[in-house]
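A short write-up of the structure that comes next.
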């Protein structure tokens with residue numbers, strides 16, 4: 001059962017999330033301020049944290065920084081703050097996603113599931129080797145082989161490939177790739193992605209102009225198909 005820590009000082013929202021998440025099989029722990037959130041994160045070991053930024057005792061960004069000092073648990077910010085500077089601050093502090101209030105429950109649950117999936121990564125219990133028709137990716141060793149020879153990738157190329165492979169079969173948004181590889185300040189620099197995806201296809205695809213594995217979803221993002 002996935003454990004969710006909900007941090008919000010608005011009782012109505014905390015209650016609504018507890019009911020909706022509980023009805024869908026989540027184990028829910030709640031906290032009403034930053035200090036309680038940090039204690040709960042350390043004691044309850046949640047699989048994902050849902051965090052409001054406007055807490056009574058400290059700013060949510062400080063809670064994110066406190067958790068990030070020792071944990072990589074996914075953090076989904078749920079806040080009424082819509083200013084881009086607040087979003088950048090939260091993402092820079094270590095948040096994985098940002099949802100503004102008021103929010104639709106279906107969208108929120110979809111983002112929550114995505115955060116949990118990304119954190120899970122490949123199953124444990126041996127080298128995480130993913131084989132495509134044209135090449136093989138060893139996520140544990142951080143190596144790629146094609147036709148029996150290792151393919152040299154730059155750190156940026158590897159970062160993009162790793163994100164896509166860890167989410168194989170699923171659409172990964174352009175902004176997510178940019179944020180995870182370059183940082184939150186580059187979320188609109190989509191031309192970077194076009195250049196590096198072209199380089200990856202030249203190195204890995206049998207026919208770079210007709211990619212079979214590194215797929216573009218026009219205007220949305222990219223998908224890896226084995």
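In full-length UniProt numbering, the protein residues as written are 1 to 226. Yeah, the Cβ is synthetic: ideal placement off N, Cα and C, and Gly gets one too.
For residue i, three-class secondary structure by DSSP
i           : result
residue 149 : strand
residue 223 : strand
residue 138 : strand
residue 86  : helix
residue 195 : helix
residue 30  : strand
residue 156 : helix
residue 25  : coil
residue 190 : helix
residue 3   : strand
residue 101 : coil
residue 131 : strand
residue 54  : strand
residue 73  : coil
residue 59  : strand
Counted within 10 angstroms of its Cβ, other Cβ atoms place residue i as buried (16 or more) or exposed
i           : result
residue 48  : buried
residue 106 : exposed
residue 167 : buried
residue 213 : buried
residue 43  : exposed
residue 111 : buried
residue 197 : buried
residue 142 : exposed
residue 79  : buried
residue 50  : buried
residue 6   : buried
Residue i at chain C interface by Cβ criterion, 8 angstroms
i          : result
residue 28 : No chain C is part of this structure, which consists of one protein chain only.
Per DSSP, the bridge partner or partners of residue i
i           : result
residue 116 : None; residue 116 has no bridge partner.
Own chain residues within Cβ distance below 7 angstroms of residue i, not counting five before or after
i           : result
residue 285 : Nothing in the structure corresponds to residue 285, since the chain is present only between 1 and 226.
residue 20  : 105
residue 171 : 217, 220, 221 and 223
Contact set for residue i: own chain, Cβ-Cβ below 8 angstroms, skip 5 residues either direction
i           : result
residue 159 : 180 and 181
residue 228 : Since the first and last residues shown for the chain are 1 and 226, residue 228 lies out of range.
Sub-8 angstroms separation of residue i and residue j beta-carbons
i           : j           : result
residue 52  : residue 8   : yes
residue 90  : residue 119 : no
residue 74  : residue 16  : no
residue 66  : residue 109 : no
residue 203 : residue 153 : yes
residue 163 : residue 151 : no
residue 22  : residue 1   : no
6 angstroms Cβ shell around residue i - same chain, five flanking residues per side excluded
i           : result
residue 145 : 136
residue 34  : 55, 57, 58 and 63
residue 3   : 27, 46 and 47
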